[in-house]
Amino acid sequence: MASNVIAGGERNEALSSVAMLAPVTQQRPVRSDLETSIPKPYVARGLVAPDMEHPNGTPGHRHDHLSVLQQHCAFFDQDDNGIIYPWETYSGLRQIGFNIVASLILAIGINVGLSYPTLPSWIPSPFFPIYLNNIHKSKHGSDSGTYDTEGRFLPVNFENLFSKYAQTFPDKLTFGEMWRMTDANRVAFDPFGWFASKSEWTILYILAKDQDGFLSKEAIRRCFDGSLFDYCAKIHQQGADDKLE
């Protein structure tokens, strides 16, 4: 009987996500119920971005056999040739609702920052193209870990964003919660990653926050698979058409 109790205690400890002498493990809990909705949530998904509410990814969204990270970027490949030039990034930003000045600044920053690692040669290009087939090489540090190093989507890391940092509502982030999340994800001696992560999440917040100032789980998930950009472009175009009528 005693041996059974000890064995049971050992099993419970082996599955514990909390270490009593590491308070941060209590402050940032991780989910243990993901398999009730997502089959094998620890397996990185190459084609879809599932969560507890959408175990098969975004309904109606075509992956076209691109990785989830490639899908995230594909909206900005305006001519579908696998290469994203700064003017295409600018055009895509305008389509989803950013103004001329913001689109120009962001397009320059994005392409200058991400182009070189994706190039097929060691020789830099003055046009700063981003090659979609190599976009995984531009994955930076200090991120959420939702993409792996090959551009696949990790459902467990996505869900843990909310279990750890969503304090006000379980499926939404305030700007402050988002900011604390990017602080918590920082790794040592990674200034580029710190800046890139803060910038990306701030841009997403500006683009997709709701009328109450929250960034919803669904908007974030759809940003990861790129379907958010198609949705925003459609809404922005409808608004422009309404003004013309």
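In my numbering, the protein residues as written are 1 to 245.
Where a beta carbon is used, it is the ideal one built from N, C-alpha and C, also for glycine.
Quick caveat: nothing in here was measured; it's all calculated off a predicted structure.
Best match in Tyr165, Asp183, Ala188, Gly213 for proximity to Ser199 [C-alpha to C-alpha]: Locating residue 199 in the sequence shown gives position 199, where the first residue counts as 1. Ranking Tyr165, Asp183, Ala188, Gly213 by Cα distance to Ser199 puts Asp183 first.
Residues near Arg186 by beta carbon distance below 6 Å, same chain, minus five either side: Within the sequence shown, residue 186 is the residue found at index 186, counting from 1. So the qualifying residues of the chain are Ser142, Trp194.
Would the beta-carbon of Ala166 fall within 9 Å of that of Lys209? Counting from 1 along the sequence shown, the entry for residue 166 is found at position 166. Counting from 1 along the sequence shown, the entry for residue 209 is found at position 209. For Ala166 and Lys209, no; Cβs fall outside 9 Å.
Output needed for Thr25: all residues of its chain with C-beta closer than 6 Å, excluding positions within five of it in sequence on either side, in chain order. Position 25 of the sequence shown, counting from 1, holds the residue named residue 25. The residues Val18, Ala19, in chain order, have a CB closer than 6 Å to that of Thr25 in the same chain once the five nearest residues on each side in sequence are set aside.
Go through the stretch 136-182 residue by residue and report every complete run of the alpha helix (DSSP H) that reaches 4 residues or more, in order. Within the stretch 136-182, the complete alpha helix (DSSP H) runs of at least 4 residues are 155-165.
Short of 7 Å in beta carbon distance, which residues of its chain neighbour Ser144, apart from the five on each side in sequence? Order them along the chain. Position 144 of the sequence shown holds residue 144. So the list reads Asn157, Leu161, Asn185, once near-sequence residues are dropped.
So what's Ser37 in DSSP terms, helix, strand or just coil? For the purposes of this step, residue 37 is taken as the residue at position 37 of the sequence shown. Of the three classes helix, strand and coil, the one that applies to Ser37 here is coil, per DSSP.
Spatial neighbours of Arg152 within its chain, please: C-beta separation below 7 Å, excluding the five flanking residues on both sides. If you number the sequence shown from 1, residue 152 lands on position 152. Correct list, in chain order: Ala44, Arg45, Gly46, Ser67, Val68.
Should His54 be labelled buried (16 or more other beta-carbon atoms within 10 Å of its own) or exposed? If you number the sequence shown from 1, residue 54 lands on position 54. By the neighbour-count definition (other C-beta atoms within 10 Å, threshold 16), His54 is a buried residue.
Closest residue to Phe192 among Asp148, Ser163, Gly109 (Cα-Cα distance): Here residue 192 refers to the residue found at position 192 when the sequence shown is read from its first residue. That would be Gly109, whose Cα lies nearest to the Cα of Phe192.
Quick one: Cα of Pro126 to Cα of Gly92, how far? The residue labelled residue 126 in the question sits at position 126 within the sequence shown. The residue labelled residue 92 in the question sits at position 92 within the sequence shown. One C-alpha to the other measures close to 21 Å.
Reducing DSSP to helix, strand and coil, say where Leu215 ends up. Within the sequence shown, numbered from 1, the residue matching residue 215 stands at position 215. Shown here, Leu215 sits in a strand according to DSSP, grouped into three states.
Start and end residues, alpha helix (DSSP H) containing Pro120: Translated into positions along the sequence shown, residue 120 becomes position 120. Note, Pro120: premise wrong, no alpha helix (DSSP H); not H, not E.
What is the residue span of the alpha helix (DSSP H) that Thr202 lies within? Sequence index remark: in the sequence shown, residue 202 carries index 202 (1-based). First-last of the alpha helix (DSSP H) with Thr202: 191-208.
When the distance is taken between beta carbons, is Lys164 closer than 9 Å to Thr149? Position 149 of the sequence shown, counted from the first residue, corresponds to residue 149. Position 164 of the sequence shown, counted from the first residue, corresponds to residue 164. In this structure, Thr149 keeps its C-beta atom at 9 Å or more from the C-beta atom of Lys164.
Determine the burial state of Asn12: buried for a count of at least 16 other Cβ atoms within 10 Å of its Cβ, exposed for fewer. Along the sequence shown, read from residue 1 onward, the residue named residue 12 stands at position 12. Label assigned to Asn12: exposed.
Residue burial classification, Phe224 (beta-carbon count within 10 angstroms, cutoff 16): Residue mapping note: residue 224 aligns to position 224 of the sequence shown, counting from 1. By the beta-carbon neighbour count (other beta carbons within 10 angstroms, threshold 16), Phe224 is buried.
Between Arg31 and Glu159, is the Cβ-Cβ spacing less than 9 Å? Numbered from its first residue, the sequence shown carries residue 31 at position 31. Numbered from its first residue, the sequence shown carries residue 159 at position 159. It is a contact, given that the beta carbons lie within the stated cut-off.
Residues of its chain near Val154, where Cβ-Cβ distance is below 7 Å and the 5 sequence neighbours each way are ignored: Within the sequence shown, the letter at position 154 stands for residue 154. Looking at the sequence itself, residue 154 is Leu, so the reference to Val does not match. Contacts found: Ala44, Gly145, Thr146, Asp148.
With DSSP collapsed to three states, give me the class of Asp225. Taking the first residue of the sequence shown as 1, we reach residue 225 at position 225. Asp225: coil per DSSP, three-state reduction.
Test item: CB-CB of Ile130 and Thr118 under 9 Å: Numbered from its first residue, the sequence shown carries residue 130 at position 130. Numbered from its first residue, the sequence shown carries residue 118 at position 118. Taking a C-beta distance under 9 Å as the contact criterion, Ile130 and Thr118 qualify as a contact pair.
Gly60 and Ala49 closer than 9 Å at C-beta: Mapped onto the sequence shown, residue 60 falls at position 60. Mapped onto the sequence shown, residue 49 falls at position 49. Pairing Gly60 with Ala49 gives a Cβ-Cβ distance that is not under 9 Å.
Buried or exposed: which applies to Pro124, given that a residue is buried once 16 or more other Cβ atoms fall within 10 Å of its Cβ? Counting from one through the sequence shown, the residue named residue 124 turns up at place 124. Looking at its Cβ environment, which holds fewer than 16 other Cβ atoms inside 10 Å, Pro124 is exposed.
Within 10 angstroms of its Cβ, does Asp77 collect 16 or more other Cβ (buried), or is it exposed? For this step, residue 77 is matched to residue 77 along the sequence shown. Label assigned to Asp77: buried.
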